Amino acid sequence: MFFSKQDLFDSIVLIRPLLILFVCIAHLPGVNGYHSDFDQFDKIDTLFSIYIKDYLARGAVPILTVISGYLAFYSFSRRSYLDFVYGKVKRLLIPFVVWNALVFVILWVVYKALGVSIRSIEDVGSLTDIFYKWFGFNLNLPINAPTYFVRDLFVIMLAVPVFKYICRNKIIFALFMIGYARTIWGPSLLVYQGEEFSSHLLFRRDMVLFFALGYFYAMHGFSIPKVSGYSSTVSIVLLMSLGLLVSVYLSGLNPSGEDYIVIRFLFSSLFVLCAPVFLSVLLKTKNSWIGRILIFISPYSFTLFLSHMLASYVFLFFTSRVLNWRVNETFPIFEIIVYIVFYVFAVVVSAILILNAWRFLMAKKDLFRFSNKSVTSP
1397 MFFSKQDLFD SIVLIRPLLI LFVCIAHLPG VNGYHSDFDQ FDKIDTLFSI
1447 YIKDYLARGA VPILTVISGY LAFYSFSRRS YLDFVYGKVK RLLIPFVVWN
1497 ALVFVILWVV YKALGVSIRS IEDVGSLTDI FYKWFGFNLN LPINAPTYFV
1547 RDLFVIMLAV PVFKYICRNK IIFALFMIGY ARTIWGPSLL VYQGEEFSSH
1597 LLFRRDMVLF FALGYFYAMH GFSIPKVSGY SSTVSIVLLM SLGLLVSVYL
1647 SGLNPSGEDY IVIRFLFSSL FVLCAPVFLS VLLKTKNSWI GRILIFISPY
1697 SFTLFLSHML ASYVFLFFTS RVLNWRVNET FPIFEIIVYI VFYVFAVVVS
1747 AILILNAWRF LMAKKDLFRF SNKSVTSP
C-alpha cells in the first residue's frame, strides 16, 4: 500500500512538531554531547547524552529539509518565481531577521544591565560585528543559532528554478546528487569570499541534497510506501541499535567538526530513508492521544523553532539559579530524561504563549483600525 496525498499531508502535520521537538532537544542547555570529557566509549551508561543530542536529534533537520523540498514543488508550480520568492521572504527571511534581532537585543540588555557573561555578546565592538552576528557571517551561525536552518532554507529556495531543471531529468538528478555528495567529503563549493570575511553560504551543505530529493519525489509523483507494523518495528530497532554504535564511535574517537559533518551526513541519510517508517507509524496515531497532542502543537511548530533558543536561556536560568538544579551529562539517565521532559514542556508552552500573544495584539490592532475607520467615515 502507498500513501494517498491526503494521508501524506496528514502525516506531515503529525511529524513536523515531533521533528522540531528533536531540534529543541539538540540544543538542550547544560548537557553536552560527545565533546564532553565525561563519556567513556566502553561504558554505555555514559553515552546517553551523545545518543540523544548527537544522534537521534540530528536526524530531524534532514527530514524537515526533504519535506520542505517536497512542499516547495507544489508551491512553486502554482505561482511565478517572484511571487514564490515574495512568499518566502515573508515566511522565512523576515522571521529570521526579526527573531535574531530580538535575541540579540535581549542578550545585550542582560549583558549590560546584569553583567552576565555572554560570550556571543562580549566581542561585539561595532555595527559590522552586530551585522555579522545577526546573519551568521564568518561564524556561519546567527546569534539565534538554530535559525541557520531558516536562513539556509531561504537561500536554497532562491535557487528553486535550478532544482526544477535538475530534477526534471532523472539522469541529471542522479549525476548532481553524486557530484554534490562528493563535496561533503571535501571543500565546499558554496563559499563567499569577500574583502573582510570568508563564509560558507550554507551552514549545513547536505541540506541541498535533502531538499533536491524532496523536490524530485514531488515532481515525478513517486508514491511513498506505507510500512507494515512489523517492518516498522524492525527498522526502528535497527536504527536505534546503530545509534549506540555511532555513540561509541563519537565517544571513542572524538572526531573533529569536519569529520563529524561526514558522519552526520551518513546517518542523516539513514533517517531520511526511514522517513516512510516514521510517517506510517505516526499516521496510525492520528486519532490517539499522541496524535491529538501533535496536531495541537503543529500550528505552533514554526514559532517553537524560532523561539526555543531564547526559551532555553530562561529555562537554564530558572533551573540552575532558582531551583539550583544544575543538570549535566554526568547525571543519572533517569534524571536527564526528567530534565528533558520539563525542558520540552517549557519550550512548547513558551511557543504557545508567544504566538497567542502575537495573535491577540494583531487582533487588537485590526480592531483599532476598524474602529478608527468607523469613527472617521462620513
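If you're matching positions, the sequence shown starts at 1397 in this note's numbering and goes up one per residue. Virtual Cβ for every residue (Gly too), placed ideally from N, Cα, C. Values in this document were obtained by computation on a predicted structure and should not be read as measured data.
Name, in chain order, the residues that DSSP records as bridge partners for residue i.
i	result
proline 1621	Phe1398
Along the chain, where does the alpha helix (DSSP H) containing residue i start, and where does it finish?
i	result
valine 1604	1603-1615
lysine 1508	1490-1510
threonine 1579	1566-1580
lysine 1484	1477-1484
alanine 1541	Careful: alanine 1541 lies outside any alpha helix (DSSP H) and carries neither H nor E.
serine 1473	1456-1473
Closest to residue i by C-alpha separation, out of the options, would be which residue?
i	options	result
threonine 1442	Tyr1739, Phe1727, Ile1736	Phe1727
leucine 1489	Asp1548, Leu1478, Phe1469	Asp1548
phenylalanine 1550	Ala1468, Ile1574, Ser1473	Ala1468
leucine 1751	Leu1700, Phe1714, Phe1711	Leu1700
lysine 1439	Ala1497, Gly1648, Met1573, Ile1448	Gly1648
proline 1425	Phe1661, Thr1715, Ile1526	Thr1715
valine 1710	Thr1681, Ala1456, Ile1502, Ile1539	Ile1502
valine 1745	Ser1697, Pro1557, Val1493	Ser1697
alanine 1608	Glu1654, Val1668, Ile1657, Phe1674	Val1668
valine 1658	Arg1601, Gly1617, Leu1712	Arg1601
arginine 1487	Ser1676, Trp1504, Ser1473, Ser1464	Ser1464
proline 1557	Leu1646, Phe1480, Leu1679	Phe1480
serine 1400	Phe1713, Ser1676, Leu1749, Ser1684	Ser1676
glycine 1455	Phe1599, Lys1566, Phe1606, Arg1578	Phe1606
isoleucine 1411	Arg1688, Gly1653, Met1573, Gly1625	Arg1688
phenylalanine 1661	Leu1415, Asn1565, Phe1444, Arg1578	Arg1578
serine 1664	Trp1530, Ile1416, Asp1450, Asp1435	Asp1450
phenylalanine 1713	Trp1495, Val1506, Val1494, Gln1402	Val1506
Within the same chain, show all residues whose beta-carbon is closer than 6 Å to that of residue i, passing over the 5 residues directly before and after it, in chain order.
i	result
alanine 1671	Ile1459
glutamate 1591	In this prediction, glutamate 1591 has a pLDDT of 46, which is less than 50 and means its spatial position is unreliable; what the coordinates show is noted afterwards. Closer than 6 Å at the Cβ level, and outside the excluded window around glutamate 1591, lies no residue.
valine 1718	none
alanine 1747	Tyr1696, Thr1699, Leu1700, Ser1703
serine 1594	Summary for serine 1594: the model assigns pLDDT 46, below 50, so the residue's position carries little reliability; its value from the coordinates is reported in the next sentence. No residues qualify anywhere along the chain.
Tell me which same chain residues have a C-beta within less than 7 Å of the C-beta of residue i, skipping the five on either side of it?
i	result
glutamine 1589	With a pLDDT of only 45 at glutamine 1589, under 50, the local geometry of the prediction cannot be trusted, and the value read off the model is given with reservation. Within the same chain, glutamine 1589 has no close Cβ partners at all.
tyrosine 1635	Looking at the sequence provided, one finds leucine at residue 1635 rather than tyrosine. So the qualifying residues of the chain are Leu1666, Cys1670.
leucine 1452	Phe1418, Gly1639
phenylalanine 1527	none
valine 1546	Leu1488, Pro1491, Phe1492
isoleucine 1389	There is no way to answer for residue 1389, as the model of the chain reaches only from 1397 to 1774.
Enumerate in chain order the residues of its own chain whose CB-to-CB distance from residue i is below 8 Å, with the five nearest sequence positions on each side excluded.
i	result
glycine 1483	Ser1471, Arg1475
proline 1774	Residue placement at proline 1774 is flagged as unreliable, the pLDDT there being 40, under the threshold of 50; the coordinate-derived value follows with that caveat. Excluding residues within five positions, none has a Cβ falling inside 8 Å.
phenylalanine 1398	Ser1619, Ile1620, Pro1621, Lys1622
* Return the chain-ordered ranges of every alpha helix (DSSP H) run that is complete within the region 1651-1728 and spans a minimum of 4 residues. => 1653-1669, 1671-1680, 1685-1693, 1697-1713
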